[in-house]
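17 is the number of the first residue of the sequence shown in our numbering; add one for each residue after it.
Notes follow once the structure below has been shown.
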Amino acid sequence: MTFIYEKLLKPVFFLQEPEAIHDRMVRLGRILGAIPPARWTISLLYGYKNEKLRQTIAGIPFDNPVGLAAGFDKDCKLMKIMPSVGFGYAEVGSVTAEPYAGNPPPRAYRLVKDESLVVNYGLKNQGALTAKQRLAKRFRFPIGVSVAKTNKRFKNDEAKLKDWIKVITLMKDSGDYLTINLSCPNTWDTTNYCNPLRLKQLLVRIKKAKIVFRTPVFLKLNAELTPKQADAIIKLCKPEQWITGFVISNLVKDRAKLKLKSVEHGTYKGGLSGSVVKKKALALVRHFKKKGGKRFVLIACGGVFTAKDAYEYITAGASLVQLVTGMIYKGPGVIKEINKGLVALLEKDKFKNISQAGRG
Ligand SMILES: Cc1cc2nc3c(=O)[nH]c(=O)nc-3n(C[C@H](O)[C@H](O)[C@H](O)COP(=O)(O)O)c2cc1C
């Protein structure tokens, strides 16, 4: 499947502007998702089930550990088609309290030699009210809802915190879990809520608002945290029982030490996805596992292209993985390929189930 995609479809897709083809794929996916025979056919081609991949994480049953990362289905349109494509779950959004048309285009670029994308959408989305309506039904697999602070210029810190509370309150019960995206690198307001001092402000504010979470909550972190910052985040979050764990990580902002092969990257503004994220995200997953122990559930994200990539994250301590760029470069067949490959790796290491491999 991935061979056909890479040889026939990708060359045509990659002639088109990245955002234009992204939008077309979302439109097509939404249409196919609404037609049951189309869903069944796609399931036959792309579906893969194996008992060894089933596990319950934070009370949620997952058929397999490979999920769609936030940012591909920003406006919650693909929940019907993504299980047929083989994903075990999907994170929709990021959704913000107010709609936002996105940063000025062009806002997405390919760095083909680095199997990466430069992304500067800036939390483009139709807003929380629309997302909430689209999520009102039940779906065939677990849905994570990613929320973020609206991308606009705020009067002061108080206004920023109010916006956070608004989107969290609106969206907290709309999915099977909630992810608070602390780490979008492309916003007007550069306040970094992964900074432990800022995170503390937000946690205090959530407590003050007396928000009752009925689903697990994850915090999505940036890839460039120092070990000291990571330790401070662990210390802050440990006593907060409503925090289930972390999604590690978002796009990479700092390109200084990346040694990119695509020389043209210098002219593109935005955060980087794909292979360049993996080294940093894997180191952070290991750090959080070592320092956080069993207290937190970890979801790994960044540069998952193969079963080996996914297995590295899982054996480092992640319970689940997510991807976007792998699907764009290798096609939807990559999900089945990763899941099949994971089963082979589990058998090679004599694990009966994926949850045993993740004890790390
Ligand atoms: C086109 C695109 C849009 C994204 N938008 C979001 C977003 O809205 N919220 C978010 O938390 N992450 C967003 N991300 C980051 C991804 O969720 C993921 O953390 C990152 O791309 C690394 O994974 P990957 O290498 O599999 O792409 C986006 C990534 C891409 C490629």
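A virtual CB, placed ideally from N, CA and C, is assigned to each residue, including glycine.
For clarity, every value in this text was computed on a predicted model and none was experimentally measured.
query: Return the residue from the list Pro115, Met95, Pro53, Pro122 that minimises the CA-CA distance to Thr283.; result: Pro122
query: If you scan the stretch 239 to 285 from start to end, which runs of the alpha helix (DSSP H) of 4 or more residues do you find wholly inside it?; result: 243 to 253
query: Within a Cβ cutoff of 6 angstroms, which residues of the same chain sit near Tyr345, ignoring the five residues on either side of it in sequence?; result: Glu131
query: Report the CB separation of Asp325 from Gly319 in whole angstroms; it is logged as a contact under 8 angstroms.; result: 6 angstroms
query: Please state whether the Cβ-Cβ distance between Lys178 and Ile227 is less than 8 angstroms.; result: no
query: What does a CB cutoff of less than 7 angstroms around Lys153 pick up in its chain, not counting 5 residues either side in sequence?; result: none
query: Return the chain-ordered ranges of every alpha helix (DSSP H) run that is complete within the stretch 114 to 158 and spans a minimum of 4 residues.; result: 144 to 150
query: Look up Ser162 in the DSSP assignment and give the residues it is bridged to.; result: Thr195
query: Any idea if Ala36 is buried or exposed, counting beta-carbon neighbours within 10 angstroms, 16 or more meaning buried?; result: exposed
query: Any heavy atom of ligand 1 within a distance shorter than 7 angstroms of the CB on Ala124?; result: yes
query: Which residues bound the alpha helix (DSSP H) around Ala36?; result: 34 to 49
query: Helix, strand or coil, according to DSSP, for Gly376 in the structure here?; result: Residue placement at Gly376 is flagged as unreliable, the pLDDT there being 47, under the threshold of 50; the coordinate-derived value follows with that caveat. In the structure shown, Gly376 sits in coil (DSSP, three-state: anything other than H, G, I, E or B).
query: Is the separation between the beta-carbon of Ser265 and that of Leu237 shorter than 8 angstroms?; result: yes
query: Give me the Cβ distance between Tyr125 and Pro34, rounded to the nearest whole Å; I'm assuming they're in contact under 8 angstroms.; result: 6 angstroms
query: How many angstroms separate the CA atom of Gly376 from the CA atom of Tyr327?; result: Unreliable positioning characterises Gly376 in this predicted model, as indicated by a pLDDT of 47, which lies under 50. A coordinate reading is not provided.
query: Looking only at its own chain, which residues have a Cβ that is under 8 angstroms from the Cβ of Glu240, when we skip the five neighbours before and after it?; result: Val268, Lys269, Asp270, Lys296
query: Leaving out the 5 sequence neighbours to the left and right, which residues in its chain are closer than 6 angstroms to Leu274 when beta-carbon positions are compared?; result: Val292
query: Using 8 angstroms as the threshold, is the stretch 213 to 220 in touch with the stretch 138 to 156, meaning 3 or more CB pairs across them?; result: no
query: The alpha helix (DSSP H) that contains Ser289, what's its start and end?; result: First-last for Ser289: undefined, no H or E at that position.
query: Buried or exposed, going by whether 16 or more other CB atoms sit within 10 Å of the CB of Gly49?; result: buried
query: Tyr209: which of Phe170, Lys165, Val350 sits nearest, CA to CA?; result: Lys165
query: Just the C-alpha distance for Arg311 and Met98, rounded to the nearest angstrom, thanks.; result: 30 angstroms
query: Among Lys251, Leu198, Ser190, whose alpha-carbon lies nearest the alpha-carbon of Phe229?; result: Ser190
query: Would you mind working out which of Arg302, Leu60, Ser199, Leu339 sits nearest Asp89, comparing C-alpha positions?; result: Leu339
query: I'd like the span of the alpha helix (DSSP H) that includes Tyr329, first residue to last.; result: 323 to 332
query: Once DSSP output is grouped into helix, strand and coil, what is the label at Leu300?; result: helix
query: Do you know offhand how far Ser278's Cα is from Gly287's?; result: 15 angstroms
query: For Pro255 versus Val101, is the C-beta distance shorter than 8 angstroms?; result: no
query: From what residue to what residue does the alpha helix (DSSP H) around Glu107 run?; result: It is not in any alpha helix (DSSP H) - Glu107 instead sits in the beta strand (DSSP E) that spans 105 to 112.
query: Are the beta-carbon atoms belonging to Lys352 and Tyr64 less than 8 angstroms from one another?; result: yes
query: I'd like to know whether the C-beta atoms of Ser15 and Ala86 end up nearer to each other than 8 angstroms.; result: It is not possible to answer for residue 15, since the shown part of the chain is limited to 17 through 376.
query: The beta strand (DSSP E) spanning Thr203 covers which residue range?; result: Careful: Thr203 lies outside any beta strand (DSSP E) and carries neither H nor E.
query: Helix, strand or coil: how does DSSP classify Pro52 here?; result: helix
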